[in-house]
C-alpha cells in the first residue's frame, strides 16, 4: 500500500482541524468528482458552467459559497471570479447558493493536518492532498479558519476562466468567428468587428457545449480587480440601512418566538410555570424545547417579554459552579496523563533547564464571548414536503443534517438559505438557534417561525472562547535565549464543538498548541507541550481559536526571556527566526514603527510575533503611561499573506482584528458564578469602544509562496505586543487577561 | 407645608413591565427652632452624608471633569460612565452626545429593565459643578452644602424643597433595574435635612 | 397611537411600553434600525426623534414625540446623505450591522459640532459599539462628512 493510502486509512492520527466547524474523519473512499449542484435544477436554456457561475437571460449570478459575516467574503469571492470571467461587479448578482458538497472547503483540511505551515516537505504537502480529498468527501461547506481566500484563490479563478472560455466557444459557434479572434470584456464576447454579444445571450448555446477545461489563468500583472482597491459590493446597502440581515428576514403569516434555556449550560430544566406569560398580549403558545422553554407570539418584543416572564427552575451545571473550580481544573492538567501533544521538542530542554538559572512564569486567558452585534436568529418553515431555513450561518450543511434529524424530513428536502450575518467571529459555527427554531416550527407546521434570541440569552448562552493556562520555564545564556519550555492546558475546543454535532474526534487536538508549537524560531532547546483539560464550560471557535490564547502565552514568555537575556526584543526575535518571509514581517514592522528610536517619557514599545493559519504576523505597539492609566497610541502590523487580493478590505480587517484582540485583552472576560455566565449584556462585555482605539498602520507582504486568509491571524500577536509594551513603559509584567484587572487603561 | 408627587417604583425588573406604587406623600415640616441640638444635628448629617455619598447620588455629583461615574454594588470597581460619556459644560451632554439620547424623558417616569439607561419625567443631567460630592469626605460635603456660594444660595428649607421637586432626586430612592436605592427614604432624608438645618447646619470640623 | 416616520403618518395599536425600535421593526417593517442590546449599550437602534438622536430601544411608545427619522429617511442609495457618502467613500462597514446607528449618531452630532477633532469624535461616538472594530474608518468618515456638510 502506498504511503498516502496508509495515511488515509489512519486518519485519526491527524487529530483535529484547524478551526471548528471542523472535520470528522471517515473511512469512506472518495471516488468521483462531485456533481455540479447547479445542474440539478437548471431550467432549459440555462448554462451551469461551473458551480460558481450561473448565467440566464436575466443576468449573471456568481455563487459565493463562503458565508459573509462582515469579512467581505462575498465581495472577494465575486471579485476573484469576475477577474477571469471578464464581468464588472455591478453587472452581476451574488448568491451564496444552496449548500452542496461541491463547495467543500479544501484549505480548512490543509490546515488541519499536523504539519507546520512552514513545512513544505513532500510528506507535508502530500498529506495535505489527502486531507483535501477527505474534505471533498465529507462535503464540508464551512466558513472559517481564514480559508475563504486561500480556498477560492485558484478554484474561483479557474471557475471564471472556464466560464469565459466556454462562452467564447458559444460565441464562436453563433458568429462563425474562430475562438482565437474573440475577446471578452464587460460581460460580453467582443467580435473583431466591434460587435459585442452579451453573455446572457450565449447561455443557451453554452449549455449545449462541453465546458472548456484547458484554461490558463492570467498573470497578476493583468489583473483589473484583484489586488486593486475596489468598492465592496455591499457597501452602499450597508451605509443606507437597506441590506437585509438574518434578523430582518420576514415572511407572510410568520410568527415570532424567543427562548430561554438553562443558563447553567447543559443542565436540565426541572420545571416551569408559564402562567405569567400566557395571558400576555400577543402570546400564542408556550412550549418546552430541549433544555428550556419557548414562547410563540405575534412580534419579537412580545415573545421576548413573555419568555422572560416564565418562572423556571433550572438544574445544576455539569461543570464547576465557580471560576476557582475552572482554574483549578486547568492547573491540575499539567501532568503526563493529560499530555495531548508535544510536536515541538528540539535540543535537550530538560538538560538545559538543569544547567541554568530557570525563569518561570504562569499565564492565564479567560473565557470570552463572540457577541456579534446581531443576535442569533433563524426562520424555519416546515411544510409537508420540505423544510426551509433562513439564517446567517457558517455551517449550512451541518444544519441540513440537524434539521433533518429534528423534523424527520429527508436530508435533500431541507433547504438552508444563507443570509447576511451581522458579525460572527465564530459564533455562527454553532447550530443551536436553528435546532431550536426547528423544534418550535414542528409545533406549528405550515407556519413559518422566526426565533430571535434576546441579547441576554445570546450572551449568557454563548459557546465561549476556551479558558486556558500556560506555564513557561526557560533559561538564557550569553545574552540569548537558550531554553524555552512552554506547557499549555485547555479543554479541547474541537471536542466541545464537534460534540455538539454528535461527532467525536480522536487523536490530539492541535488547537491546544496552535499559535505556539509551529513558530519558526530556532531556539537551541525548544519544547511546546499541550495538556488536555477535561471539558468545562462549553467552548467553541473564537476568532483565531487556540492561537487567540497561545499567541499571547508564547510571545510574552519569549519576551520575558529576551528581557532576562538583556537582548533587544526586536533583534533577538529576528535572530531566532529562521523563516525568511516571517523574519521579513519583523523587519518591516521595525522599520514602520521606527523601532529603536528615542521615545518620550512614560512611553514604551512592545513587539510580538505569531504565525497562525499559515500567516506570519509581527506587531509593534506603542503605549503611554498617563496619570489616568495606559493609553495605546499606535499599532503597526506587518503580515505575510502571499497575495493581498482586496487591499481596502485587508486594511479594514486587520485594523478591526487588532481592535478586537486588544479590546478583549484589556477589558473583557466571561465568568461563571452559580454555574451561570455573569455578563448578560455589553455593559459588562464591551470589547473596545472608539475612544480606546489606537492608530493602526498595516502592511500586507507578498513574499511567501502560499496565499493566505486574513480573517484571524492579526489577533494572536496583539495582546502579547500590548503586554510587552506595558512592561517596557512601566516595568509591570501582565501575564493574565483581561489586563484591566491589573492596570488601568485610559 | 404639604406637597404631593408620585414616585415611580419600578418593580418588574427584567421583563420591563412597569408598575406604579401608590402616591407617596412628603411632608416638609421642620422641627421647632432650638429643638435640635448640635449633636443631634451632626447625627442627622451623618445620615445625610450616607445618602450624598451613595452611588445613586454621588455618581452624578461630579466635578468639572463633567464625567458621571459608574459605581456601586452592581458595577464592581468604580469607573467613569462607560462609552467615554462626557456631559460637557452644559452638564446635559449638548456638546457631544446629549444625555437624553439614552436617558430619554419618560412621561411615566420609568425604565426599569436591568442595566437600562435610567429615565425620569425630566431631562436627565448632571447637577451643577459646585455640587461636586463624588469622592469627597463628610466634612467637605458638609461645608459645601451649608455654603450659600456652593449650594445654590439655599437654606435648609430650600434644600428640602429642592428634594421635593426634582424628580431625578426621587429616582435615587426608586432606581429600578435591580439597582440599590439610596439609603433611608426620601421622607427620612428630608427630615434629616430639616433637622440638620434647625440645629444650625453643624459640620464635624466646627 | 399615531406616529410619523420618514414623512409618513402611521397609526399602530401597541402597548405604551413597547419600545419604538420594535414599533418600527415589527409593526411598521422598517428594519434599518437594528436590535443589538435593548439597553442603550450599543446604539445600533439609533434614530432621530424630534430632531435629535435617540436610542429607539429606550423610547417607550407612549413617549414618542415629534417626527421619527430612520436611516432609510436620512438618505437613500439614489439620494445619499453626506454622512452616508462619507461612509461609502471610506468603505467603513465590515458586517455593517452597527452602521445604521453609527451614521444616525454621526449625522446628529455634526449638527451641533461642524468641525470636530478626533477627541470630539471619540467623545460623541463611543456610545456606539462596533464589534468588527471599524473605528479608525468611522473617525475618518465623520471628518469627511463634516467637510461635505460644510460645503468644502
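Residue numbers (the numbering used here), protein chains in the order written: chain A, 103 to 848; chain B, 18 to 223; chain C, 126 to 277. Built from N, CA and C at the ideal position, the CB exists for glycine as well. Every value quoted in this text rests on a predicted model; they were computed, and no experiment measured them.
> Does the separation of the CB atoms of residue 252/C and residue 168/C fall below 7 Å?
Replying inline: yes
>> What would DSSP say about residue 157/B, mapped onto helix, strand or coil?
In response: helix
> Contact between the segment 184 to 194 of chain A and the segment 250 to 262 of chain A: three or more CB pairs below 8 Å?
Replying inline: yes
> Does the beta-carbon distance from residue 806/A to residue 683/A come in below 7 Å?
Replying inline: yes
>> I want to verify the contact list: residues of chain B whose CB lies under 9 Å from the CB of residue 183/C, in sequence order.
In response: 118, 119, 120, 121, 123, 128, 133, 134, 136
>> For a cutoff of 7 Å on Cβ pairs, would you count residue 101/B as touching chain A?
In response: yes
> Where residue 766/A and residue 749/A are concerned, what is the direct C-alpha to C-alpha distance, given to the nearest angstrom?
Replying inline: 26 Å
>> Just to confirm my understanding: we take residue 415/A, look at its own chain, exclude 5 residues before and 5 after, and list those with CB closer than 8 Å. What are they?
In response: 371, 372, 373, 374
>> Any beta carbon of chain A sitting closer than 7 Å to that of residue 39/B?
In response: Caution is warranted here: a pLDDT of 31 is assigned to residue 39/B, below 50, making its placement in the model unreliable, and the coordinate value is therefore given only provisionally. Chain A contact via Cβ: absent.
> Does the Cβ of residue 844/A have 16 or more other Cβ atoms within 10 Å, making it buried, or fewer, making it exposed?
Replying inline: exposed
> Taking Cβ-Cβ distances below 8 Å as the criterion, which residues of the segment 205 to 235 of chain C are in contact with chain A?
Replying inline: 205, 209, 212, 213, 216, 217, 218, 219, 220, 221, 222, 223, 224, 225, 228
> Using a beta-carbon distance below 7 Å, is residue 793/A in contact with chain B?
Replying inline: yes
> Do residue 759/A and residue 694/A have their C-beta atoms within less than 7 Å of each other?
Replying inline: no
>> Please report the distance separating the alpha-carbon of residue 396/A from that of residue 157/C.
In response: 27 Å
> Does any C-beta atom of chain C lie closer than 7 Å to the C-beta of residue 182/B?
Replying inline: no
> Does any CB atom of chain B fall closer than 7 Å to the CB of residue 358/A?
Replying inline: no
> Smallest Cα separation from residue 800/A: which of 436/A, 361/A, 691/A?
Replying inline: 691/A
> Which runs of the beta strand (DSSP E), 3 residues or longer, sit entirely within the segment 744 to 791 of chain A?
Replying inline: none
> Closest Cβ-Cβ distance between residue 239/C and chain A: below 7 Å?
Replying inline: no
> Taking 7 Å as the CB-CB cut-off, is residue 563/A touching chain B?
Replying inline: no
> Is it true that the segment 619 to 629 of chain A meets the segment 704 to 724 of chain A, where meeting means three or more beta-carbon pairs spaced less than 8 Å apart?
Replying inline: yes
> Less than 7 Å separating the beta-carbons of residue 592/A and residue 618/A?
Replying inline: no
>> Counting C-beta neighbours from all protein chains within 10 Å, is the total for residue 744/A 16 or more, i.e. buried, or is it exposed?
In response: buried
> In chain C, what lies closer than 7 Å to residue 750/A by C-beta?
Replying inline: 216
> Mapping DSSP to helix, strand and coil, what is residue 592/A?
Replying inline: strand
> Which of the three DSSP states, helix, strand or coil, is assigned to residue 173/A?
Replying inline: coil
> According to DSSP, which residues form a beta bridge with residue 882/A?
Replying inline: Outside the shown range of chain A, which is 103 to 848, sits residue 882/A, and nothing can be said about it.
> Does the beta carbon of residue 254/C sit closer than 7 Å to a beta carbon anywhere in chain A?
Replying inline: yes
> Which one of 709/A, 636/A, 634/A has the shortest CA to CA distance from residue 665/A?
Replying inline: 709/A
> Quick one: is residue 762/A near chain C, going by C-beta distance under 7 Å?
Replying inline: yes
>> Could you pull the DSSP bridge partners for residue 447/A from this structure?
In response: 629/A
> Can you list, in chain order, the residues of its chain whose CB lies under 6 Å from that of residue 207/C, leaving out five sequence neighbours each side?
Replying inline: 270, 273, 274
> Using a Cβ-Cβ distance under 7 Å, would residue 179/C count as near chain B?
Replying inline: yes
> Expressed to the nearest angstrom, what Euclidean distance is found between the alpha-carbon atoms of residue 530/A and residue 422/A?
Replying inline: 26 Å
> Along chain E, in chain order, which residues have C-beta atoms closer than 9 Å to that of residue 111/B?
Replying inline: Although the question refers to chain E, the structure presented lacks it and instead comprises the protein chains A, B and C.
> From residue 256/C to residue 475/A, what distance separates their C-alpha atoms?
Replying inline: 6 Å
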